[in-house]
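Colleague:
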Amino acid sequence: MIPSPPISSVSLGPLTVHFYAICILAGIGLALWWSTKRWEQRGGNADDLFDIVFVAVIAGIIGSRIWHVLTSPAPFFGPDGDPLAVFYIWQGGLAIYGGVAGGAVAVWIMARVKKVSFVALADTIGPTIMAAQILGRFGNWFNQELYGPELDAWWAWDVTCVTNGQTIGGCVPGTYHPTFAYEQIWMLAGLAVLMLLSRRFQWAGGRVFWAYVVIYSAGRALVDSIRTEPVLMVGPLRIHTLVAILMVLFGVLVFVNLTRRKQRRGGEVVAADGSFVLFAQTAGNGPDEDEVEKSGTPPSAGEDPSPGS
Numbered sequence: 002m003i004p005s006p007p008i009s010s011v012s013l014g015p016l017t018v019h020f021y022a023i024c025i026l027a028g029i030g031l032a033l034w035w036s037t038k039r040w041e042q043r044g045g046n047a048d049d050l051f052d053i054v055f056v057a058v059i060a061g062i063i064g065s066r067i068w069h070v071l072t073s074p075a076p077f078f079g080p081d082g083d084p085l086a087v088f089y090i091w092q093g094g095l096a097i098y099g100g101v102a103g104g105a106v107a108v109w110i111m112a113r114v115k116k117v118s119f120v121a122l123a124d125t126i127g128p129t130i131m132a133a134q135i136l137g138r139f140g141n142w143f144n145q146e147l148y149g150p151e152l153d154a155w156w157a158w159d160v161t162c163v164t165n166g167q168t169i170g171g172c173v174p175g176t177y178h179p180t181f182a183y184e185q186i187w188m189l190a191g192l193a194v195l196m197l198l199s200r201r202f203q204w205a206g207g208r209v210f211w212a213y214v215v216i217y218s219a220g221r222a223l224v225d226s227i228r229t230e231p232v233l234m235v236g237p238l239r240i241h242t243l244v245a246i247l248m249v250l251f252g253v254l255v256f257v258n259l260t261r262r263k264q265r266r267g268g269e270v271v272a273a274d275g276s277f278v279l280f281a282q283t284a285g286n287g288p289d290e291d292e293v294e295k296s297g298t299p300p301s302a303g304e305d306p307s308p309g310s
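In case it helps, our numbering puts the sequence shown at residues 2 to 310.
So, in structure tokens, the structure goes:
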């Protein structure tokens, strides 16, 4: 049985450190480290990526909080709600789809500013977002939130509803489906599949990112369908479940369209500058003119017709 942690934060003098925030920051740190390596392999500049990610993280947090508040308004604007709790993000409530949407807008804008390919950025960052989510979900465990119906099994989550010596409001003690763990397991397996297939079939041109969307959303639709926390309903479906299903369908359509686009154009964006050719990198991060690593497609006549797009 999965135990619940006795504390969710520690006080260091006047400063309170929330473990939920630490999990989120750890995920961001892992994603930044990994995406930097992936970006440099595409011929990109690490400093540029840091600037892009910095802005994207801020926009992503804002977007994820807005989405959570809009889809779960009762704790904030209901009869016993607290509007100021909108700003208490350390208590949990960051919705991934809002985060991806907000971050994507920021990345699109920053790609223009830095004059790099948005498509290459999306393919670079996509798998790292999944890795960040795996770490971030531990924050739900510390907060004792986002569980499913009651469960009597060895893998059940023993929710005590007590943290730091205080009872968590609205929480009912019991043993429940550990949906946070289900999602972590799905994403870990999905990440392995994504990396294997993307390398085996040399996906690029935005297909890596949209494959991430499809894989994550398929698991999210299944896991979210058994979650029990109050949320906006659309007919018989939870809003998050419905959005996940739609994103699976939309992602598959985009992936197929991008594959056909590659066949029509004779190639797809691989490099940070929007070109169809990925040059092997030397120790100094410069292109090795004696060795060119093809993307599985012929080189383009010039730059991508829409670099940065």
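By construction, the Cβ of each residue, glycine as well, lies at the ideal position given by its N, Cα and C atoms.
What separation, rounded to the nearest whole angstrom, lies between the Cα atoms of residue 246 and residue 42?
Modeller: The alpha-carbon atoms of residue 246 and residue 42 are separated by roughly 33 Å.
Colleague: Under 9 Å between the Cβ atoms of residue 20 and residue 143?
Modeller: Yes; because the gap between Cβ atoms is below 9 Å, this pair is in contact.
Colleague: With a CB to CB cut of under 8 Å and the five nearest residues on each side skipped, what residues in its chain are close to residue 18?
Modeller: For residue 18, where only same-chain residues beyond five positions count, the Cβ hits under 8 Å are 10, 11, 12.
Colleague: Quick one, which of 173, 214, 193, 229 has its alpha-carbon nearest residue 251's?
Modeller: Checking every option, the nearest Cα to that of residue 251 belongs to 214.
Colleague: State the DSSP-derived secondary structure class of residue 69, mapped to helix, strand or coil.
Modeller: Residue state, collapsed to three classes: helix.
Colleague: Excluding five sequence neighbours on each side, which residues of the same chain lie with their C-beta closer than 7 Å to the C-beta of residue 174?
Modeller: The answer, listed in chain order, is 160, 161, 162.
Colleague: Between residue 243 and residue 217, what straight-line distance do the alpha-carbon atoms span, to the nearest angstrom?
Modeller: Near 14 Å, if we compare the C-alpha coordinates of residue 217 and residue 243.
Colleague: In terms of alpha-carbon separation, which member of 151, 202, 56 lies closest to residue 106?
Modeller: Closest option to residue 106, Cα to Cα, is 56.
Colleague: Work out the CA separation of residue 62 and residue 130 for me, nearest whole Å.
Modeller: In a straight line, the C-alpha of residue 130 is about 13 Å away from that of residue 62.
Colleague: Please classify residue 289: does DSSP put it in a helix, a strand, or coil?
Modeller: Reliability of the predicted coordinates at residue 289 is poor, the pLDDT of 42 falling under 50, and no value is obtained from them.
Colleague: Using a Cβ-Cβ cutoff of less than 6 Å, which residues in the same chain neighbour residue 185 once the five nearest sequence positions on both sides are dropped?
Modeller: Counting only Cβ-Cβ distances below 6 Å, and skipping sequence neighbours, we find 135, 138.
Colleague: Taking 8 Å as the threshold, find out whether the segment 66-86 comes into contact with the segment 108-126 through three or more Cβ pairs.
Modeller: Counting Cβ pairs under 8 Å, fewer than three are found: no touch.
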